[in-house]
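Take a look at the structure below.
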Amino acid sequence: MNKFIEQAKAFWQDEDGLSAVEYVVAGALVVGVLVVGFTSLGGRLDEALDGLNADLNTGGLTDATAD
């Protein structure tokens with residue numbers, strides 16, 4: 037039992053794997069920011085393309101210029 041406690045203490049004090057965990061956390065944050073950014077950009081791009089499609093279907097005339 038004493039050997040188990042010594043190994044547990046050594047594992048607790050070992051910081052070699054800490055940098056790998058930090059890279060994983062940083063990578064997850066980057067992926068999260070990219071997902072949010074692309075989701076927002078995708079919505080805006082969809083709106084812009086819908087507006088372009090509507091302009092092409094009406095010959096570029098909108099309600100403001102149709103009068």
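For reference, each letter of the sequence shown is one residue, going 37 to 103 in the numbering used here. Think of the CB as a built atom: it goes at the ideal place given N, C-alpha and C, for glycine as much as any other residue.
Rounded to a whole number of angstroms, what is the C-alpha to C-alpha distance between residue i and residue j?
i: residue 45; j: residue 39; result: 10 Å
i: residue 93; j: residue 85; result: 12 Å
i: residue 83; j: residue 57; result: 39 Å
i: residue 37; j: residue 59; result: 35 Å
i: residue 50; j: residue 43; result: 10 Å
i: residue 87; j: residue 95; result: 12 Å
i: residue 80; j: residue 47; result: 49 Å
With 9 Å as the threshold, decide whether the Cβ of residue i is near any Cβ in chain C.
i: residue 57; result: The structure shown contains no chain C, having only a single protein chain.
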